[in-house]
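Please read the structure below before turning to the comments.
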Amino acid sequence: MAGIIILIELSVALFHISGVGQLFSIGVPELLLILVLVLILFGPGKLPEIGRSLGKALTEFKKAKKDIEDELKDEDGK
Numbered sequence: 004m005a006g007i008i009i010l011i012e013l014s015v016a017l018f019h020i021s022g023v024g025q026l027f028s029i030g031v032p033e034l035l036l037i038l039v040l041v042l043i044l045f046g047p048g049k050l051p052e053i054g055r056s057l058g059k060a061l062t063e064f065k066k067a068k069k070d071i072e073d074e075l076k077d078e079d080g081k
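Heads up: the sequence shown is residues 4 to 81, going by this note's numbering.
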């Protein structure tokens, strides 16, 4: 059950940070549908691994976004 909660939280965070949720109007019902499909396809044993992978991807995405923003700020300052 904890894996499901982590997966939902990571999915919501990723959509909010990336803006994808606003672009495609993805809400909680859609996220729950995606979660159910993932659960059916991969089974409950894989959810923690998928959650960890999403967490790592989210961390890398944030880092890359920050690096690009810093680079753009440096270019504007020169």
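Note that the Cβ used here is the ideal one computed from N, Cα and C, for glycine as well.
| Query | Result |
| --- | --- |
| Assigned secondary structure, Ile29 (DSSP; H/G/I helix, E/B strand, else coil) | coil |
| Extent of the continuous alpha helix (DSSP H) to which Gly80 belongs | 50 to 80 |
| Rounded separation between Gly46 and Gly54 - CA only | 13 Å |
| Straight-line Cα distance separating Gly48 from Ile71 | 36 Å |
| Alpha carbon of Val31 to alpha carbon of Leu40, nearest angstrom | 14 Å |
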